[in-house]
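S.K.:
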Amino acid sequence: MSKTTFTRRGVLRTGAVAGAGVALPTIFTASSAAAFTNEPTGNTVTLGFNVPQTGPYADEGADELRAYKLAVEHLNGEGDGGMMNTFSSKALQGNGILGKKVEFVTGDTQTKSDAARASARSMIEKDGAIMVTGGSSSGVAIAVQGLCQEAGVIFMAGLTHSNDTTGKDKKANGFRHFFNAYMSGAALAPVLAARYGEDRKAYHLTADYTWGWTQEESIVAATEALGWETVNTVKTPLSATDFSSYIAPVMNSGADVLVLNHYGGNMVNSLTNAVQFGLKNKSVNGKNFEIVVPLYSRLMARGAGENVKGILGSTNWHWSLTDAGSKAFVKSFGEKYGFPPSQAAHTCYVQTLLYADAASRAGSFNPCAIGEALEGFEFDGLGNGKTLYRADDHQCFKDVLVVQGKENPQSEFDLLEVVEVTPAAQVTYPPDHPMFAGGSLGSCNPGS
Amino acid sequence: MDAIILQILNGLDKGSAYALIALGLTLIFGTLGVVNFAHGALFMIGAFCAVTFSKFLSISYTVIDETKTDFLGNPLKVDLTYVEAWFGQSVGGTILDWAVPLSILMAIPVMVIIGFIMERGLIKHFYARPHADQILVTFGLAIVLQEIIKYFYGANPIPTPAPDMFRGSFDFGALLGFDANTIIYPYWRLVYFLFAAVIISAVFAFLRFTTFGMVVRAGMADRETVGLLGIDIDKRFTLMFGIAAAVAGLAGVMYAPINSPNYHMGMDFLVLSFVVVVVGGMGSLPGAVLAGFLLGILESFASMNEVKSILPGIDQIIIYLVAIIILLTRPRGLMGRKGVMEE
Numbered sequence: 001m002s003k004t005t006f007t008r009r010g011v012l013r014t015g016a017v018a019g020a021g022v023a024l025p026t027i028f029t030a031s032s033a034a035a036f037t038n039e040p041t042g043n044t045v046t047l048g049f050n051v052p053q054t055g056p057y058a059d060e061g062a063d064e065l066r067a068y069k070l071a072v073e074h075l076n077g078e079g080d081g082g083m084m085n086t087f088s089s090k091a092l093q094g095n096g097i098l099g100k101k102v103e104f105v106t107g108d109t110q111t112k113s114d115a116a117r118a119s120a121r122s123m124i125e126k127d128g129a130i131m132v133t134g135g136s137s138s139g140v141a142i143a144v145q146g147l148c149q150e151a152g153v154i155f156m157a158g159l160t161h162s163n164d165t166t167g168k169d170k171k172a173n174g175f176r177h178f179f180n181a182y183m184s185g186a187a188l189a190p191v192l193a194a195r196y197g198e199d200r201k202a203y204h205l206t207a208d209y210t211w212g213w214t215q216e217e218s219i220v221a222a223t224e225a226l227g228w229e230t231v232n233t234v235k236t237p238l239s240a241t242d243f244s245s246y247i248a249p250v251m252n253s254g255a256d257v258l259v260l261n262h263y264g265g266n267m268v269n270s271l272t273n274a275v276q277f278g279l280k281n282k283s284v285n286g287k288n289f290e291i292v293v294p295l296y297s298r299l300m301a302r303g304a305g306e307n308v309k310g311i312l313g314s315t316n317w318h319w320s321l322t323d324a325g326s327k328a329f330v331k332s333f334g335e336k337y338g339f340p341p342s343q344a345a346h347t348c349y350v351q352t353l354l355y356a357d358a359a360s361r362a363g364s365f366n367p368c369a370i371g372e373a374l375e376g377f378e379f380d381g382l383g384n385g386k387t388l389y390r391a392d393d394h395q396c397f398k399d400v401l402v403v404q405g406k407e408n409p410q411s412e413f414d415l416l417e418v419v420e421v422t423p424a425a426q427v428t429y430p431p432d433h434p435m436f437a438g439g440s441l442g443s444c445n446p447g448s
Numbered sequence: 001m002d003a004i005i006l007q008i009l010n011g012l013d014k015g016s017a018y019a020l021i022a023l024g025l026t027l028i029f030g031t032l033g034v035v036n037f038a039h040g041a042l043f044m045i046g047a048f049c050a051v052t053f054s055k056f057l058s059i060s061y062t063v064i065d066e067t068k069t070d071f072l073g074n075p076l077k078v079d080l081t082y083v084e085a086w087f088g089q090s091v092g093g094t095i096l097d098w099a100v101p102l103s104i105l106m107a108i109p110v111m112v113i114i115g116f117i118m119e120r121g122l123i124k125h126f127y128a129r130p131h132a133d134q135i136l137v138t139f140g141l142a143i144v145l146q147e148i149i150k151y152f153y154g155a156n157p158i159p160t161p162a163p164d165m166f167r168g169s170f171d172f173g174a175l176l177g178f179d180a181n182t183i184i185y186p187y188w189r190l191v192y193f194l195f196a197a198v199i200i201s202a203v204f205a206f207l208r209f210t211t212f213g214m215v216v217r218a219g220m221a222d223r224e225t226v227g228l229l230g231i232d233i234d235k236r237f238t239l240m241f242g243i244a245a246a247v248a249g250l251a252g253v254m255y256a257p258i259n260s261p262n263y264h265m266g267m268d269f270l271v272l273s274f275v276v277v278v279v280g281g282m283g284s285l286p287g288a289v290l291a292g293f294l295l296g297i298l299e300s301f302a303s304m305n306e307v308k309s310i311l312p313g314i315d316q317i318i319i320y321l322v323a324i325i326i327l328l329t330r331p332r333g334l335m336g337r338k339g340v341m342e343e
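Taken in sequence, the protein lines are chains B and D.
Residue numbers are given in our numbering: position 347 of the first sequence equals residue 347, and the series is strictly consecutive.
Residue numbers are given in our numbering: position 293 of the second sequence equals residue 293, and the series is strictly consecutive.
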């Protein structure tokens, strides 16, 4: 004889789970007969700026938001127009996008994948955002990119440097202007070999998540190809604050270069600790010990203070560049906010213009039409020289900057100096490169 | 062997911070019976006392240098500090250089006052409530304090360097007969360890050799009887809260040059410090200090490559693993008194 035990709570729980399960596939498709998700019907169009407003990357998020606000001003014909004046495409008229005034909503990613997805979802479902952009972490970018693909909106990635964003996790609705770990390796390795020689032994400390892994893999491959030996690669927990116990073993490992695959607070602390332990003044194997920080950010370099002096790394863009686009951007940003923009601000501003321009050229807000307009698009005048948005993986290919901590900074912003501009051809890789293998763009999803 | 000595040294400074925070936590728990989750925030505020004091000393006036230009091409505005203008380049420069140690002078009164306001203004109302309520309210307070600091100082770490003479590192290898450069240890971390030892001794001496301390110890053992003797134990316990806050704050001040302060550094230490208190024994001051150093050193050993190659990931769980073993085999902790938290 069977015994059934229905309780009120059990029935409610089962009902809730079943309800959610049934509703799930229709969350993004339940709307009207519109041709695509959030098709603008009035005289405005809403963009969703999803940036870290709280948490450890809040300062970068704040700078991204400043850049987005500036971009919206310029798109709507206010201010001095910034890089719209230097942009090689002249589709933007300063009358919004396709004649619709640009409005925006903001979300807080908190640099947590689940929070970022929730805020992106809310901007798409409640606020009618037709495009989502921003972020300061590859984990977040990959999560939000996946959500935008399901929802049928375009995702214009912010600061994300992991190979996976346009590698194994690439999506048809996602586009990245920022450079990636492979490009850092390809740009940095020749400079390292020229400065420090080809007979070097490197020790890697690596943040234990997607970005750290792909950066370590890229730098190891690029430096070993030039003759360096990799003595050890050690993963450090993302939550680590004191790196002394990871740095101590470096001293007796026989290595003469320490590569810090760290970002944000991790980078500030590991670099500070390494300098405290005298690594910068040490001599091993008859050579000066060297420290390398492959991905630099000026905002982060500030936290490390004097410790960054003389240390090599790479960056996507720097305010001291003298091309017309960079100068126009630094001028409008500097006059509005009183300080120069960061690389995070630059990539976010550029992504907004590129989206608006693609919509204007396509004559539609349909994500598939915009995607088509971006694929294979070649442009110039946005601060990085001639750039290609490659159709195969939606990654931008452009020059990469190798930078060095400045010995005699003139101001609190003057922390890095550009030592080499690596041409785009040198950092370009085939779409089926093993470091980017494993995923496919799939087909674009217009939603609705 | 040299690697082992190096990791013991590494464990000492981490252990110093754990011990100082855990000492304050234990003082508060032992006297007031409150589990204070805002204690990490007090450590963080201490570090920001150093930041604030450095900023205060660096208050400057602007001079326009026509020979140089800023990022927009305008004449460069150069900031000159009043301290250097008033005291001359060399004395002023030395004062600026010694900003972190000097900020102790500011941190002590500030931390005692913050501790006093926290206890009288908020925590006092939760004495009769269950521990869960106390944890919730103090944890909430920690988040509020953290957000206040972030509002004023931003989310990025702020470099707060040690005085120039402590910038380098000491070669223990040469001293102990190993190869030169094999056991290098930064001067400031040595200073931090010695500073922690002085503070810990001072707290113990205060409790041991002063009448005030004796009353507090008596109150910790039997609050009711001390009250019956006509002593206002509450007032003394409030002051102890202030002292515990000052200990955490000083730990934070001196920690600022080791890792650039940021608003969530308190949370990074809080959970580990609680484990330290539990391992040491709830309410036991020597236990807190012993466990602080012990766990600091164990954590350092666990992040050695040789250990990690046998037990991957051990560096992230070692402290909790030790806590589980101690709680299973000796539930009242290493030096815990019988009856504390066992009802």
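Don't be surprised by glycine CBs; every beta carbon is placed ideally from N, CA and C.
From the DSSP output, in three-state form, read off L312(B) for me.
M.R.: strand
S.K.: Mind checking P331(D): buried by the 16 CB within 10 Å criterion, or exposed?
M.R.: exposed
S.K.: Rounded C-beta distance between D169(B) and G439(B)? I'm assuming under 8 Å.
M.R.: 6 Å
S.K.: If distances are taken between C-alpha atoms only, which option among A58(B), N76(B), G197(B) comes closest to Y151(D)?
M.R.: A58(B)
S.K.: Buried or exposed: A194(B), going by 16 or more other Cβ atoms within 10 Å of its Cβ?
M.R.: exposed
S.K.: What residues in the segment 118-144 of chain B have a beta carbon less than 9 Å from any beta carbon of chain D?
M.R.: none
S.K.: Counting along the chain, where does the alpha helix (DSSP H) carrying P249(B) start and finish?
M.R.: 244-251
S.K.: Anything in the segment 244-268 of chain B with a Cβ closer than 7 Å to a Cβ of chain D? List those residues in chain order, please.
M.R.: S244, S245, Y246, A248, P249, M251, N252, G265, V268
S.K.: Please name the residue in L382(B), G363(B), G442(B) whose C-alpha comes closest to that of K327(B).
M.R.: L382(B)
S.K.: Taking the straight line between their C-alpha atoms, what separation do you get for D357(B) and G96(B)?
M.R.: When only Cα atoms are considered, D357(B) and G96(B) end up about 10 Å apart.
S.K.: Rounding to the nearest angstrom, what Cα-Cα distance links Y296(B) and D315(D) in this structure?
M.R.: 27 Å
S.K.: Is N163(B) helix, strand or coil by DSSP?
M.R.: helix
S.K.: Need the endpoints of the beta strand (DSSP E) that K327(B) sits in, please.
M.R.: Note, K327(B): premise wrong, no beta strand (DSSP E); alpha helix (DSSP H) at 324-337.
S.K.: Using a Cβ-Cβ distance under 7 Å, would G46(D) count as near chain B?
M.R.: no
S.K.: How is E43(B) classed by DSSP in three states: helix, strand or coil?
M.R.: One detail in the question is off: residue 43(B) reads as Asn in this sequence, not Glu. Looking at N43(B) - three-state DSSP - the assignment turns out to be coil, as it is neither helix nor strand.
S.K.: Since Y337(B) meets chain D, which of its residues come closer than 9 Å, beta carbon to beta carbon?
M.R.: Residues of chain D with a Cβ closer than 9 Å to the Cβ of Y337(B) do not exist, since the nearest Cβ in that chain sits about 11 Å away.
S.K.: So that I know if they touch, is there some Cβ in chain B lying closer than 7 Å to that of D268(D)?
M.R.: yes
S.K.: Taking the alpha-carbon positions, what's the V322(D) to L311(D) distance?
M.R.: Computed Cα separation, rounded: 15 Å.
S.K.: Indicate whether T133(B) and G447(B) have their beta-carbon atoms separated by less than 7 Å.
M.R.: Going by C-beta atoms, T133(B) is not nearer than 7 Å to G447(B).
S.K.: Residues of chain D with CB under 8 Å from D108(B), in chain order?
M.R.: Within 8 Å Cβ-Cβ: nothing; D108(B) doesn't reach chain D, min ~12 Å.
S.K.: Quick check: what's the CA-CA separation for T109(B) versus P190(B)?
M.R.: 36 Å
S.K.: Verify whether the separation of the beta carbon atoms of T236(B) and L205(B) is less than 7 Å.
M.R.: yes
S.K.: Among the candidates D164(D), I184(D), P161(D), whose CA atom is the shortest distance from the CA of F172(D)?
M.R.: Distance from the Cα of F172(D) is smallest, within the candidate group D164(D), I184(D), P161(D), for I184(D).
S.K.: Going by beta-carbon coordinates alone, are A291(D) and V276(D) separated by less than 7 Å?
M.R.: yes
S.K.: Here's the rule: buried if 16 or more other CB atoms are within 10 angstroms of the residue's CB, otherwise exposed. What is P249(B)?
M.R.: buried
S.K.: Please confirm whether A240(B) and T214(B) have their CB atoms less than 7 Å apart.
M.R.: Not closer than 7 Å, so no.
S.K.: Measure how close the beta-carbons of N252(B) and A3(D) come, nearest whole angstrom, since I'm counting them as under 8 Å.
M.R.: Their Cβ separation, rounded to whole angstroms, is 6 Å, which keeps N252(B) and A3(D) in contact under 8 Å.
S.K.: Tell me which residue opens and which closes the alpha helix (DSSP H) that L290(D) is part of.
M.R.: 285-302
S.K.: Nearest chain D C-beta to F277(B) closer than 7 Å, yes or no?
M.R.: yes
S.K.: Under the three-state reduction of DSSP, which class applies to D108(B): helix, strand or coil?
M.R.: strand
S.K.: What residues are listed by DSSP as bridge partners for Q404(B)?
M.R.: L312(B), E417(B)
S.K.: Below 8 Å between beta carbons is the criterion; list the residues of the segment 67-96 of chain D that meet it against any residue of chain B, in chain order.
M.R.: K68, D70, F71, L72, L76
S.K.: Note the first and the last residue of the continuous beta strand (DSSP E) segment covering K232(B).
M.R.: The amino acid at residue 232(B) is misidentified as Lys; the sequence shows Asn. It spans 229-236 - the beta strand (DSSP E) in which N232(B) sits, taken as one unbroken run.
S.K.: Starting from S138(B), follow the alpha helix (DSSP H) in both directions and report where the run begins and ends.
M.R.: 138-151
S.K.: Go through its chain and collect everything with a Cβ distance to E157(D)'s Cβ below 8 Å, but skip five positions before and after it.
M.R.: Contrary to the premise, residue 157(D) reads as Pro rather than Glu in this sequence. Once the five neighbours on either side are set aside, the close Cβ partners of P157(D) are N259, S260, P261, N262.
S.K.: If you draw a straight line from the alpha carbon of L327(D) to that of S137(B), how long is it in whole angstroms?
M.R.: Roughly 38 Å separates the two Cα atoms.
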